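Peer 1: Going by UniProt numbering, the first residue of the sequence shown is number 1, and it counts up by one from there.
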Amino acid sequence: MATTADLKNGITLDMDNALWTVVEFQHVKPGKGPAFVRTKLKSVLTGKVIDRTFSSGVKIEIAILEKRDMQYLYKEGDDFVFMDSKTFDQMTIAQAVVGDMANYMLENTDAVVAVNEGNPLYIELAASVPLRITYTEPGIQGDRSSGGTKPATVETGIEIQVPLFIKQDEIVMVDTRDGSYQGRAN
Numbered sequence: 001m002a003t004t005a006d007l008k009n010g011i012t013l014d015m016d017n018a019l020w021t022v023v024e025f026q027h028v029k030p031g032k033g034p035a036f037v038r039t040k041l042k043s044v045l046t047g048k049v050i051d052r053t054f055s056s057g058v059k060i061e062i063a064i065l066e067k068r069d070m071q072y073l074y075k076e077g078d079d080f081v082f083m084d085s086k087t088f089d090q091m092t093i094a095q096a097v098v099g100d101m102a103n104y105m106l107e108n109t110d111a112v113v114a115v116n117e118g119n120p121l122y123i124e125l126a127a128s129v130p131l132r133i134t135y136t137e138p139g140i141q142g143d144r145s146s147g148g149t150k151p152a153t154v155e156t157g158i159e160i161q162v163p164l165f166i167k168q169d170e171i172v173m174v175d176t177r178d179g180s181y182q183g184r185a186n
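Here's what the structure looks like:
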């Protein structure tokens with residue numbers, strides 16, 4: 001058990017039978033009355049953000065998250081199979097846990113999996129990943145200077161916006177946070 005004095009951005013709390021990550025906190029000492037801590041907490045499972053105020057010195061339970069380096073192997077039905085990079089143990093993770101990150105994963109993609117009490121909570125990929133353009137309309141001569149974009153489908157099946165000069169079968173870097181084009185891959 002810890003107290004509110006131990007709160008920091010990024011730590012995970014076990015509270016109300018759910019896991020919450022501290023996004024923001026502020027110790028407040030009013031002129032009159034006891035001190036308190038105002039926090040913004042984000043649900044690890046749903047992403048919902050709530051405001052919570054704690055009296056100063058209240059006991060809180062800090063959850064222990066283990067972050068494991070893993071590699072995505074293959075999809076099995078609605079589940080994804082990952083392999084631990086150190087122990088080579090395999091872990092099956094549900095689509096609900098993987099979420100939108102599935103749009104950026106190819107076989108052998110490296111990921112970090114956050115685990116609490118043996119249960120995978122979420123996965124993190126690199127900030128940008130290289131993906132091959134499988135389909136896009138050819139750019140029209142003279143369009144290259146206009147700075148416009150066009151839709152393109154990448155090998156995972158999602159559609160992104162790319163500059164007009166990008167051709168089919170090129171490899172581009174895609175931001176895993178918002179799906180935006182980052183540039184050509186080297």
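The C-beta atom is built at its ideal place from N, Cα and C for all residues, glycine as well. Please read all numbers here as calculations on a predicted model, not as lab measurements.
Starting from A96, trace the alpha helix (DSSP H) in both directions and tell me its first and last residue.
Peer 2: 95 to 98
Peer 1: Consult DSSP for A63 and reduce its assignment to one of helix, strand or coil.
Peer 2: coil
Peer 1: On the CB-based measure, 16 or more other CB atoms within 10 Å of its CB, does I64 come out buried or exposed?
Peer 2: Flag for I64 reads exposed.
Peer 1: Return yes when the Cβ of A94 is within less than 8 Å of the Cβ of D79, no when it is not.
Peer 2: yes
Peer 1: Tell me whether the segment 87 to 106 and the segment 57 to 76 touch, counting them as touching only if at least three CB pairs, one residue from each stretch, are closer than 8 Å.
Peer 2: These segments touch.
Peer 1: How many Å lie between K67 and T149 at the Cα?
Peer 2: 37 Å
Peer 1: Can you give the Cα-Cα distance for G31 and L41, rounded to whole angstroms?
Peer 2: 26 Å
Peer 1: Which partner residues does N119 have in the DSSP bridge list?
Peer 2: N116
Peer 1: For G139, which residues from the same chain have a beta carbon less than 6 Å from its beta carbon, with the 5 sequence-adjacent residues on both sides left out?
Peer 2: Correct list, in chain order: L164, F165.
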